[in-house]
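In this note's numbering, the protein residues as written are 12 to 191.
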């Protein structure tokens with residue numbers, strides 16, 4: 012059985028981006044979401060991972076020996092930017108391939124602008140995690156939490172989002188099994 016490390020981006024004491032109107036943070040949104048995703052996935056072992064420190068996160072994940080990694084985040088920019096994107100390490104062909112699978116599901120679930128799969132190197136934001144994990148790693152940015160319309164869409168479509176992540180995890184596991 013394939014194993015997916017499901018990383019909850021940020022932590023309680025450093026909750027990441029937030030929406031100033033709802034005071035909802037990335038951490039709070041994704042902590043609850045991860046628990047629901049874990050319950051929905053079938054045929055894949057899902058291990059939730061919480062960050063102790065930013066620098067220890069890759070080694071903490073690597074100790075679990077997952078087959079792939081999805082780090083749950085929410086974008087933020089100027090309260091107007093909108094859409095869905097998935098980041099992967101620029102030298103990982105597998106990362107690019109599985110990023111496309113996840114992106115497809117997230118775009119259908121939220122019906123937001125498809126911002127695409129985006130390659131990142133070690134110098135880019137998120138690149139530290141993407142480069143230093145032993146398994147293909149994705150950073151999902153399904154919506155902009157600082158944009159009220161995006162956040163409301165995510166909240167209204169929450170069950171669709173949970174199912175989208177679960178089906179993507181299952182499909183990625185199948186793809187990786189075929190390529191073994």
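For each residue, glycine too, the CB sits at the ideal point set by N, CA and C. Everything numeric in this text was worked out from a predicted model, so none of it was measured.
| Check | Outcome |
| --- | --- |
| Quick check: the Cα distance between residue 162 and residue 174, rounded to an integer number of angstroms? | 17 Å |
| Residue 29: which of 156, 17, 93 sits nearest, CA to CA? | 156 |
| Using CA coordinates, which residue listed in 68, 141, 79, 75 is at the minimum distance from residue 180? | 79 |
| Our contact map puts residue 59 next to residue 49 with C-beta atoms below 8 Å; I'd like the distance itself, whole angstroms only. | 6 Å |
| Output the distance between the C-alpha atoms of residue 130 and residue 33, rounded to the nearest integer angstrom. | 31 Å |
| For residue 62, which residues in the same chain have their Cβ closer than 6 Å to its Cβ, ignoring the five residues on either side in sequence? | 22, 68 |
| Mind the definition here: the segment 87-97 touches the segment 118-128 only if three or more C-beta pairs lie below 8 Å; say whether that holds. | yes |
| Taking the C-alpha atoms as reference points, what is the distance between residue 70 and residue 77? | 12 Å |
| Suppose the cutoff is 8 Å on Cβ atoms and the five residues either side in sequence are ignored; what does the same chain contact list for residue 118 look like? | 95, 125 |
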